[in-house]
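In terms of numbering that gives the first Met the number 0, the sequence shown has 153 at position 154, counting the first letter as 1, and numbering is strictly consecutive.
Contents: one structure, followed by commentary.
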Amino acid sequence: MTVVFLHGWPGLPSDYDDVVTHLSGQRVIVPDLSGFGAGFASTSAPFDATAAAHADRLLSLLDDHGAADGIVIVGYDIGSRIAQAALRTAPHRFRGAVLTPAYPGIGDRAASPALASTFWYQHFHREPVAAALIDGDERAVRTYLTYIWETWRAGAAPPPNLDEIVAAYARPGAFAASLQWYVANRGYAAGEGPITVPTTMLWPDRDPLFPVEWADELPKHFSDVRLEIVPRCGHFVPVERPDAVARAVRSHLP
């Protein structure tokens with residue numbers, strides 16, 4: 000039995016450190032996602048940043064680890080969207096999923112003019128000026144990513160791995176590489192038909208990006224889904240409420 004954890008932006012595998020501690024004795028895989036933080040290599044050839052391409056790389060990685068089936072997949076932020084792509088590509092390999100928003104049911108609601116002050120960062124990330132202003136500048140990376148964490152998290156305290164995150168994303172080229180996700184993945188649409196793998200959707204009650212009422216379309220996109228509202232939690236669920244993530248994972252284990 001294997002549990003695979005997919006981190007978000009701006010994040011690292013260490014976002015799940017406390018979750019893994021709660022699951023002591025369980026076999027886990029916590030990969031660096033290509034092009035994000037520690038997953039960026041300055042000598043690497045350009046990579047495909049679509050969710051589907053990330054999912055294909057993940058499935059190959061699981062093959063390398065001998066994890067053929069019975070996998071529980073966990074993802075938050077972009078990790079959730081990559082997990083959803085993997086669940087659509089190879090549902091037979093997974094016994095369960097623990098996800099956070101976003102999902103296709105959000106539709107075009109995030110593009111509402113009323114939410115421009117919330118989702119401005121996605122438009123900024125698609126413009127070359129974002130990398131020109133921030134990439135390779137440790138001070139600029141720290142300022143920007145600290146602002147993101149403080150804005151999206153339920154509390155003002157920085158994450159415990161902030162220095163590690165800044166060091167990973169401040170390397171020349173690393174911040175720019177991470178922005179390719181936003182160029183390659185516009186909107187929240189996905190393939191036809193619902194995800195069939197049993198899924199727990201952990202929806203934080205204080206996420207400024209995705210209000211709880213946007214969970215209304217879940218049954219259209221997941222045929223077997225359980226919605227759990229996570230109290231006192233902002234966008235970074237594994238960091239803010241690792242206990243909730245671990246509990247949801249255990250519910251999918253035999």
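Note that the Cβ used here is the ideal one computed from N, Cα and C, for glycine as well.
This one's a predicted model, so the numbers in the text were calculated from it and none came from an experiment.
ask   = Do you know how far the Cα of Leu22 is from the Cα of Glu126?
value = Here residue 126 corresponds to residue number 127 of the sequence shown, with the count starting at 1. Here residue 22 corresponds to residue number 23 of the sequence shown, with the count starting at 1. Approximately 40 Å, taken between the alpha carbons.
query = What are the boundary residues of the alpha helix (DSSP H) that includes Arg249?
reply = Walking along the sequence shown from the start, residue 249 turns up at place 250. Arg249 -> alpha helix (DSSP H) spans Pro241 to Arg249.
query = Comparing alpha-carbon positions, which option in Asp68, Tyr15 and Ala173 lies nearest Gly36?
reply = As a first step, residue 36 is located in the sequence shown; it is residue number 37 there, counting from the start. Nearest Cα to Gly36 within the set Asp68, Tyr15 and Ala173: Ala173.
query = Can you list the beta strand (DSSP E) stretches of 3 or more residues lying completely in the stretch 97 to 137, in chain order?
reply = None, since the stretch 97 to 137 contains no complete beta strand (DSSP E) of that length.
inquiry  = I'd like to know if the stretch 213 to 232 and the stretch 178 to 197 are in contact, where contact means that at least 3 CB-CB pairs between them fall below 8 Å.
reply    = Judged by pairs of C-beta atoms under 8 Å, the stretch 213 to 232 touches the stretch 178 to 197, as three or more such pairs exist.
message = With three or more C-beta pairs closer than 8 Å as the rule, is the stretch 52 to 69 touching the stretch 199 to 208?
response = By the Cβ rule, the stretch 199 to 208 does not count as touching the stretch 52 to 69, because fewer than three pairs are nearer than 8 Å.
inquiry  = Taking only three categories from DSSP, how would you classify Val19?
reply    = In the sequence shown, the residue the question calls residue 19 occupies position 20. Looking at Val19 - three-state DSSP - the assignment turns out to be helix.
ask   = From Asp55 to Phe118, what distance separates their C-alpha atoms?
value = Against the sequence shown, residue 55 aligns to sequence position 56. Against the sequence shown, residue 118 aligns to sequence position 119. Each residue's alpha carbon lies about 28 Å from the other.
query = Anyone know if the C-beta pair for Gly7 and Ser79 falls short of 9 Å?
reply = By 1-based counting over the sequence shown, the position of residue 7 is 8. By 1-based counting over the sequence shown, the position of residue 79 is 80. With respect to Ser79, Gly7 sits close: the two C-beta atoms are nearer than 9 Å.
query = What are the start and end residues of the alpha helix (DSSP H) that includes Pro218?
reply = As a working mapping, residue 218 is identified with position 219 in the sequence shown. Secondary structure note for Pro218: its alpha helix (DSSP H) is the uninterrupted segment Leu217 to His220.
ask   = What's the gap between the Cα of Gly154 and the Cα of Gly233?
value = Within the sequence shown, residue 154 is the residue found at index 155, counting from 1. Within the sequence shown, residue 233 is the residue found at index 234, counting from 1. Looking at the two C-alpha atoms, the distance is approximately 8 Å.
message = Suppose contacts are defined by Cβ-Cβ distances below 9 Å. Is Pro157 in contact with Trp148 by that definition?
response = Taking the first residue of the sequence shown as position 1, residue 157 is located at position 158. Taking the first residue of the sequence shown as position 1, residue 148 is located at position 149. Their beta carbons are under 9 Å apart, which means Pro157 touches Trp148 by this criterion.
message = So, at 8 Å on beta carbons, what are the nonlocal neighbours of Trp202 in its own chain, with the 5 sequence-adjacent residues on each side left out?
response = For this step, residue 202 is matched to residue 203 along the sequence shown. Non-local beta-carbon contacts of Trp202 in its own chain, meaning distances under 8 Å to residues more than five positions away in sequence, involve Thr99, Pro100, Phe209, Val211, Ala214, Leu226, Glu227, Ile228 and Val229 in chain order.
inquiry  = Short of 7 Å in beta carbon distance, which residues of its chain neighbour Pro103, apart from the five on each side in sequence? Order them along the chain.
reply    = Here residue 103 is taken as the residue at index 104 of the sequence shown, counted from 1. A distance below 7 Å between beta-carbons, with the five flanking residues on each side excluded, links Pro103 to the following residues of its chain, in chain order: Tyr187, Ala188, Ala189 and His220.
inquiry  = On a Cα-Cα basis, can you pick out the residue from Pro12, Ala139 and Met0 that is closest to Arg26?
reply    = As a first step, residue 26 is located in the sequence shown; it is residue number 27 there, counting from the start. Ranked by Cα distance from Arg26, the options Pro12, Ala139 and Met0 are led by Met0.
ask   = Of all the options Pro112, Gln121 and Ala169, which has the alpha carbon lying nearest to the alpha carbon of Ile133?
value = Taking the sequence shown and counting its residues from 1, the one referred to as residue 133 is at position 134. Nearest C-alpha to Ile133: Ala169.
task = Output the distance between the C-alpha atoms of Ser270 and Ile105, rounded to the nearest integer angstrom.
result = With the chain covering 0 to 253 only, the question about residue 270 has no answer from this structure.
task = May I ask you to check if the CB of Ala115 is nearer than 8 Å to at least one heavy atom of the ligand SAH?
result = Judged by which ligands are present, the structure shown has none, so any question about the ligand SAH falls away.
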